Each structure stands twice: as C-alpha cells, then as structure tokens.
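Residue numbers (our numbering), protein chains in the order written: chain D, 6 to 267; chain A, 94 to 364; chain S, 472 to 740. C-beta: ideal position from N, C-alpha, C; glycine also. No experiment lies behind these values; they were computed from the predicted model shown.
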Amino acid sequence: MLRLEKLVKTYKTGDQALKAVDLVVPEGQVLALIGPSGAGKSTLIRCINRLVEPTSGKVHLGEVDLTSLSTAALRRQRSRMGMIFQEYALVERLTVMENVLSGRLGYVGFWRSFLRKFPQSDIDEAFRLLDRVGMAHMSDKRADELSGGQRQRVGICRALIQNPALLLVDEPTASLDPKTSRQIMRLICELCKERGLAAIINIHDVALAQMFVQRVIGLRFGAVEFDGLPEELTPDVLTTIYGEEDWEATIENVNDEDGAKE
Amino acid sequence: MPVKDLNDQKIWRRRTSRESLMHWVIWLIGVAIFAYCWQKISASTTWFFVWDAPRIADDIWTRATPPKWSYITQLGKPIWDTLNIATLGTIFALIAAVPVAFLAARNTTPSRLVIRPIALLIIVSTRSINSLIWALLLIAIIGPGVFAGVMAIAIRSIGFCAKLLYEAIEEIDETQVEAITATGASRWQIMAYGIVPQVLPAFAGIAVFRWDINIRESTVLGLVGAGGIGLQLSSSLNVLAWPQVSLILLVILAAVIISEWVSAKVRGAII
Amino acid sequence: MSDISTHIGKPWKKPPFVQRAWLRWVLLIGFSAYLIAAFLTIEVNWMRVYEGLDRGKQFILAFTSPDFSSRSGDIWEGMIESIIMTVASSVVGIIISIPIALGAARNIAPLPIYLICRSIIAISRALQEIIVAILLVAIFGFGPLAGFLTLSFATIGFLSKLLAEDIESMDRVQAEAIKASGAKWAQWINYGVQPQVMPRLIGLSIYRLDINFRESAILGLVGAGGIGATLNTAFDRYEYDTAAAILLLIIVIVMALEYLSGIVRERVQ
Numbered sequence: 006m007l008r009l010e011k012l013v014k015t016y017k018t019g020d021q022a023l024k025a026v027d028l029v030v031p032e033g034q035v036l037a038l039i040g041p042s043g044a045g046k047s048t049l050i051r052c053i054n055r056l057v058e059p060t061s062g063k064v065h066l067g068e069v070d071l072t073s074l075s076t077a078a079l080r081r082q083r084s085r086m087g088m089i090f091q092e093y094a095l096v097e098r099l100t101v102m103e104n105v106l107s108g109r110l111g112y113v114g115f116w117r118s119f120l121r122k123f124p125q126s127d128i129d130e131a132f133r134l135l136d137r138v139g140m141a142h143m144s145d146k147r148a149d150e151l152s153g154g155q156r157q158r159v160g161i162c163r164a165l166i167q168n169p170a171l172l173l174v175d176e177p178t179a180s181l182d183p184k185t186s187r188q189i190m191r192l193i194c195e196l197c198k199e200r201g202l203a204a205i206i207n208i209h210d211v212a213l214a215q216m217f218v219q220r221v222i223g224l225r226f227g228a229v230e231f232d233g234l235p236e237e238l239t240p241d242v243l244t245t246i247y248g249e250e251d252w253e254a255t256i257e258n259v260n261d262e263d264g265a266k267e
Numbered sequence: 094m095p096v097k098d099l100n101d102q103k104i105w106r107r108r109t110s111r112e113s114l115m116h117w118v119i120w121l122i123g124v125a126i127f128a129y130c131w132q133k134i135s136a137s138t139t140w141f142f143v144w145d146a147p148r149i150a151d152d153i154w155t156r157a158t159p160p161k162w163s164y165i166t167q168l169g170k171p172i173w174d175t176l177n178i179a180t181l182g183t184i185f186a187l188i189a190a191v192p193v194a195f196l197a198a199r200n201t202t203p204s205r206l207v208i209r210p211i212a213l214l215i216i217v218s219t220r221s222i223n224s225l226i227w228a229l230l231l232i233a234i235i236g237p238g239v240f241a242g243v244m245a246i247a248i249r250s251i252g253f254c255a256k257l258l259y260e261a262i263e264e265i266d267e268t269q270v271e272a273i274t275a276t277g278a279s280r281w282q283i284m285a286y287g288i289v290p291q292v293l294p295a296f297a298g299i300a301v302f303r304w305d306i307n308i309r310e311s312t313v314l315g316l317v318g319a320g321g322i323g324l325q326l327s328s329s330l331n332v333l334a335w336p337q338v339s340l341i342l343l344v345i346l347a348a349v350i351i352s353e354w355v356s357a358k359v360r361g362a363i364i
Numbered sequence: 472m473s474d475i476s477t478h479i480g481k482p483w484k485k486p487p488f489v490q491r492a493w494l495r496w497v498l499l500i501g502f503s504a505y506l507i508a509a510f511l512t513i514e515v516n517w518m519r520v521y522e523g524l525d526r527g528k529q530f531i532l533a534f535t536s537p538d539f540s541s542r543s544g545d546i547w548e549g550m551i552e553s554i555i556m557t558v559a560s561s562v563v564g565i566i567i568s569i570p571i572a573l574g575a576a577r578n579i580a581p582l583p584i585y586l587i588c589r590s591i592i593a594i595s596r597a598l599q600e601i602i603v604a605i606l607l608v609a610i611f612g613f614g615p616l617a618g619f620l621t622l623s624f625a626t627i628g629f630l631s632k633l634l635a636e637d638i639e640s641m642d643r644v645q646a647e648a649i650k651a652s653g654a655k656w657a658q659w660i661n662y663g664v665q666p667q668v669m670p671r672l673i674g675l676s677i678y679r680l681d682i683n684f685r686e687s688a689i690l691g692l693v694g695a696g697g698i699g700a701t702l703n704t705a706f707d708r709y710e711y712d713t714a715a716a717i718l719l720l721i722i723v724i725v726m727a728l729e730y731l732s733g734i735v736r737e738r739v740q
C-alpha cells in the first residue's frame, strides 16, 4: 500500500539523511523503525507526508505518487495519513476537543473550521474516539492541563479522526514513563488492528517494539540494515544497527540459536 | 595570561596591562565626550535664569496652588476625547499591525527578500517617530482635531505592536504547526489552528500594554492641536492660568495611574 | 467515566473564554456601546480631510526628494543639540539611577529607603517627558538645559525600575555565597550583585539612549532644545521636503542605535 522507491534526502548542510531507501508496507501492517539517533528515522517519516521535502526518489501511497503532487493535492493526501508526534505536538492553548477536531481540517473549509462549526458526524466521531482512549470526560479541558500520557491519547485521536489509511508515528513514547509507554503502544497497535491500519512507528525502545509490532526495520546512516520479524532481532543484528554493546538485557526473548542472523 | 611573574612570584591581576590600558582609554574617551556635551549645553544656557530658578519655581508653585477645582466641569469632554484617541488609536493600530507582523515574521512571511524588508521598514519608520511628531504632520495634512490625534496614535503604535507581535510569532513552537500541517490543513487553517492560538496571549498583552502607553501619549497630543485634554493644558499655559494648569496635571496624573492599574488588571486576567 | 451516549448526536460548542454568561454579555455589550459612542463623538471634517489628501500626497512625495541643503545649518545645529542632550542626559540618568535602583530593590534595601526610592520612580514614571519639559522650560528658561534635565529625570524612572526588578529577581545563592565570605556591604554589591545585573544594565542603558534620542526630537516643540524646533518650523511653513529630510535623519539614527544595541547586547550576554 505504501511504497518507497530510492528515497534520498540530502539536507542543505550536506548531511545525507536518507540514502536510496526502498520499502514496501502492505495493507494493515504495523512496522517499527529502529536505529540510532541521527539514522534518519524522523526524516524518513517526514518525507512520506512531505513535511520534509525528499531530494529524490518516489513515495507511492496506494496508486498516488506523493512526490509529484501540487500543494492542494498534497493536502488531500496528507489527510489520508495520520501523524503522531514525540512531544505530542498538541496545540496547547486549544481544548482537547478542538485538538481532536483539528484532524478534520483537511476535510472542512476554512470558515467552518474557523467558526468551529464542524459537521455533527465529525463531532460524534471525536467523542467516540475520545471515549475509546478514555478521555471523553476531558473534552473541554485545555491541552496544556493534561499529563503526558493523556496528551498522547489526544494526539492519537487527532490522527485517527482523519480516517487515515496509514499512521506515521514519530517516537510516541520518548517523553513518557515506562508504564504509560506500554499503554500508549498497546493502544496504537490495538487501534491499528481494529481499523486495519498500516503504521510506521519510529521507536528507540527495542524491547517495546518487539513486544507489539509485526515487522522491524533497522536504519543506520540512512540505509536499511535490517528488515525482518521482531524475533529475528539478535545481538548481532543490533550490533550492526547500533554498534558494539551488550544486548542481552535489551532483548525480550533471548533466543540463542547459533548464527541466527537475518 | 593576567598572571604576572615577578621574581618567581605569581601575582594575579584582573587584566593584562594591555587590557587595562584599553579600559582606561575607553573611560577617558567617555569622560571627554560627556565633558564636551556638558560644555555645549552650558554654553547655550542663560545661567542668570538658572540661578533665578528657585525663585521662579516658588513663584509658579504659589500661583498654581490651590488648583482651580471648579474648572473640572469643563474637562469632561476633553477627558472623553483623550480616552477615545487612545482606544480607537490602539484598535486601528492593532488592525494594521497584525498583517504587518505576519509579513515580517521569518516563519510566516511569504517572501523573505521583498516583503519582509518592506514590513520591517514600516515597523522601523512608524516606531522611530514620536506620536507628537506624527500629530504635527497629520495636523498639517488633515487639520487639527481629535481625528488627527487618533491617526497619530494609530500610526505610532503600528510599528510598536507589530514588532512585539512578530517577535512572538517567531518564538512559537514549530512542532504544533507541523502537526496541523500534517493533517492536511490549508495555509489559512494552519494559521488559525497552529499559529494564532499560540500568539493570542501575546497579542492581548501587547494590546493592553500599548493602550496604557497610548493613554499617556494622548494626554499631551493636544499641545500641538490634536485634541484631548492637552488642548486645555496648552490654552491654560498660554494665558498663564496656573491654577487650571495644576488641576489639569492632576487629572492627567490620575488618568495615567488609572490606566496603568486597568492594564495591569487585564493583563493579569489574560495570562 | 462519562457515558458516551450523552454526547453522541449533540452539537458541540467551544467553551467560552468568559465562563459566566452574564459577565460575557455585559463585557460585549458594554464594549460595543462604548465603541459606538466613541465613533459618534469624533467630529471629522471630511471636507478638510479630503482637501488634505493632496497635501498628504505631497508630503509622501517629499520623502523621495528630501531637502537636506536649504536649511542645512538649522538641521545640523538641531541634530547636534539633540545628540548632545541625549548623551549627557543618558550618562547622568544612568549614574543617578544605579543607587536608586539599589534602594528600590526590596532584597537589598531596608524598608524606609525602599519606599523613598520607589516613590521617586513612581513620580518620574507618571510624569511624561513633554510635561516635565514644559515645567522646566518655565523654570529654567528656553534651551537644551531644560531638555537635558527632562531626559535625565525620565531616564531615572525608567532605568531604576527595570534595574530594581532585575536585582530583585537575581539568584539569591550567588549573592549569599559572597556574603558568607564575610564581605562588607559595598564588597557584597560589587561581587555578589553587580556581576549578575551588569549585562542587563548595559542592555537597558543602550535601549534608554535610543529612547532618549527619540524623545529629544520632540522636546524642541516646547522650547527645550534639539531638532524638534526645526521640525516644527518646517511643518508650520509647509516645507515638507525639509521635514522629510529631518524625519529621515531621525529614522536613520534610530536604526543605527538599534543595530548598535543589538550588537552590544549580544556581546555582553
């Protein structure tokens, strides 16, 4: 459903963040993107919805080539891709409800959104989603009154109300404590399953990724180093991705089959 | 470096000799400039008047007290005008300042090479010139009266408000804007949902802050004929009606204190 | 957990900024009523404004061909006088405002001194430059001395207040550490307080220099010296090209000062 072809991003400073990345994500697959800081994980995700403009290469979402779109057409495609951010990126001075409804901005005109006159179906959907993540009673609170975990739940609702075909998730748990991290990851993965959504999740925490996802991509220096099942992540593999370190404690189910490489 | 070796004894000093010399030279130049300035001022001063000043001040004081309280009945309309000059001037200024600020902020300007410099030029030129001078100019163009005062305050405030506002726009959290962009929002929707909520508190603060300043400034605009209570001050001064002058000064003082109190209250409520 | 079915199908409204409905309406109606009243009481002579548009155009055109030469003597003298007043009053104002700022900082000064210094600041801030200038001209006669005194007085109120606030918000621990070493009061100020507030003092001083220059341009209107008198004459005689020249000079000098203050502030911080 999502297909990246030879995606390259070179920043003005000359840093090559992505070196010809090829990747295919089938319908409904939840995929974790791991790799050291600066490996290009964030850039990859942002190149897909062109928050960062790729230097060359192609991104196909379904039948549409995203890289060749005009601004208006790009906006329509962006509304098919929900995005969840590391620091939640809620608009802090708006209420929870407004933040969720902002996910519908791609579907309503300027004046309707400006006057907060969203269609009733959107409002119902927003309440359903908030209820699903356990936040319906908070709908009129301002976003800056919420805790980290609550903010991320609102962020998830904002992404889902777009009714996306794909979720782009950028370090959803990096600012959360371990327990909330698990809850948020579980929630994201459950929701993806319920709705048959594909998702790309950038994540630092390898154990957390293994616990929830179906496929893991390891990125190093802007190139794919590993592509396989979570169980296939062995210390050797992690070493190729991250560099030399004792990995035994990191991996959830240590399987010591000799030579179990990719 | 600033440790001096003297017979194998290390003596710590704050600066190297070169640095301390430079320091002295700078101080010397500063003092010389000040002495020159003072001498110039002194040269164009009639010192006889200055030595006579205590007597004159005393004389003015006896003439000005007590203030002519009955005169206050004639000040109602001028005070109302003063309030209007400040408030309407602030409102007009804000209406004009918002687009200028968005054009001047690095992250929202449509063109950095053409439009941003123009917006900055508007900001600098309206800010640099005092509202009294703007009033003088407008009176020469559209005639004396309250309207000239409103426009003078408005023009003077554009640059001030726009500068503070565009600094606030440049300081917003970009990830919130990014998140709104990612939903597929249009340019104006990004503005309304991503940027405006973030700068709204700053905007309200600036508005009230400038209104407070404008109350002060509008009290004296009448001195050049642009309406308000300054007009009464000017005419009382011209006929040397010191009891009226002292009353007007008291009224102005009260207006300034009240406006400062109001603006502090409102700002407290907003933020 | 609230019951979701209570929300479904119901319209949603953004919670209003002012929670109490009556207060919201009072504010709204009161403000609109005021605006209407204000607009109605402004008398605008539209004929006069219309006639003025032509002069306005001339004035704007004058900016494209400012006349620096025909009154160059007056302009030059006025500018020099403005600059001299600015520099002298800034120096004197800063020197006087430092002790007053120390006295007006509650964490340094004892209560009686604090009250005295705060009231000096309050008086200086409440009286505007131009009114002070009128009074001082009446007392000391025409000329730059009145302007110089006015600006010095205004500088004291401005600088002392901001500096005192900075001293009050400084880091207690650093100052206490110096006190703990057994320093005398003056030493304590010199080592514990001064380093903390120095960058701010320099920044504020330059900023005030800038303000003083702008203010010096209007003091001439009431006879307190500076470029204002020349400007006033130019307007009176409808010599827009000369007026434009003076305004351009003011703008350029203010820009230069702002640029300078940017550099200085970057260096000290």
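Within the region 255–287 of chain A, the residues whose Cβ lies closer than 7 Å to some Cβ of chain D are T268, Q269, E271, A272, I273, T274, A275, T276, G277, A278, S279, W281, Q282, A285, Y286 and G287, listed in chain order. In this structure V270 (chain A) is buried. Its beta-carbon is surrounded by 16 or more other beta-carbon atoms within 10 angstroms. Within chain S, no C-beta atom comes nearer than 7 Å to that of T175 (chain A); the closest sits roughly 11 Å away. Distance from the CA of W656 (chain S) to the CA of E112 (chain A), rounded to the nearest whole angstrom, comes to 28 Å. Nearest C-alpha to R360 (chain A) among A:R303, A:T183, A:Q167 and A:N331: A:R303. Taking 7 Å as the cut-off between beta carbons, the residues of the region 72–93 of chain D near chain A are R80, R81, R83, S84, M88, F90 and E92, in sequence order. Between A170 (chain D) and chain S, the shortest Cβ-Cβ separation is not below 7 Å.
Relative to I226 (chain A), the option among S:T704, S:Q667, S:P487 and S:V735 whose CA is nearest is S:T704.
The straight-line gap separating the alpha-carbon atoms of V221 (chain D) and L213 (chain D) is approximately 11 Å.
With fewer than 16 neighbouring CB atoms inside 10 Å of its own CB, L499 (chain S) falls in the exposed class.
By the Cβ criterion, the region 618–625 of chain S is not in contact with the region 709–720 of chain S, since fewer than three pairs of Cβ atoms, one from each stretch, lie closer than 8 Å. Among the CB atoms of chain S, one or more fall inside 7 Å of the CB of T139 (chain A). At least one CB of chain A lies nearer than 7 Å to the CB of L56 (chain D).
No Cβ-Cβ contact shorter than 7 Å links Y678 (chain S) with S631 (chain S). By the rule that beta-carbons nearer than 7 Å mark a contact, L616 (chain S) touches chain A. In chain order, R98 make up the part of chain D whose C-beta sits under 8 Å from the C-beta of L293 (chain A). Short of 6 Å from the beta carbon of A37 (chain D), and not among the five residues preceding or following it, lie these beta carbons of its own chain, in chain order: I206, I208, A214, V218 and V221. Following the DSSP letters along the chain, one finds L196 (chain D) in no beta strand (DSSP E) but inside the alpha helix (DSSP H) bounded by residues P183 to R200. Counted as a single uninterrupted DSSP element, the alpha helix (DSSP H) harbouring H116 (chain A) occupies residues S110 to A136.
Here the C-alpha atom of L532 (chain S) lies approximately 18 Å from the C-alpha atom of I232 (chain A). Taking 7 Å as the CB threshold, P486 (chain S) lines the interface with chain D. Per DSSP, reduced to three states, the secondary structure at E32 (chain D) is coil, with no helix or strand assignment. Listed by position along chain S, the residues whose Cβ is nearer than 8 Å to that of N307 (chain A) form an empty set, because the closest Cβ is around 12 Å away. Chain S places no beta carbon closer than 7 Å to that of R117 (chain D), leaving this residue out of the contacts. G691 (chain S) has its alpha-carbon roughly 9 Å from the corresponding atom of G549 (chain S). A straight line joining the alpha-carbon of I721 (chain S) with that of P237 (chain A) spans about 24 Å.
For G62 (chain D), the uninterrupted beta strand (DSSP E) segment begins and ends at S61 to L66. Residues of the region 105–131 of chain D with a Cβ closer than 7 Å to any Cβ of chain A, in chain order: S107, G108, L110, G111, F115, S118 and F119. Within chain A, the C-beta atoms nearer than 9 Å to that of T512 (chain S) come from K170, W173, D174, N177 and V239, in chain order.
Rounded to whole angstroms, the gap between the alpha carbons of F141 (chain A) and A635 (chain S) is 38 Å. Rounded to whole angstroms, the separation of the alpha carbons of I273 (chain A) and L728 (chain S) is 40 Å. Among the residues of chain S, those whose CB is under 8 Å from the CB of F127 (chain A) are V558, A559 and V562, following chain order.
Judged by their CB atoms, I649 (chain S) and G663 (chain S) are nearer to each other than the 7 Å cut-off.
For V217 (chain A), the CB contacts under 7 Å within the same chain, skipping 5 residues up- and downstream, are G252 in chain order.
Given a length threshold of 4 residues, each whole run of the alpha helix (DSSP H) inside the region 601–664 of chain S is given here in chain order: 615–639, 643–651 and 656–659. Residue burial is scored here from C-beta neighbours: E310 (chain A) has at least 16 other C-beta atoms within 10 angstroms and is therefore classed as buried.
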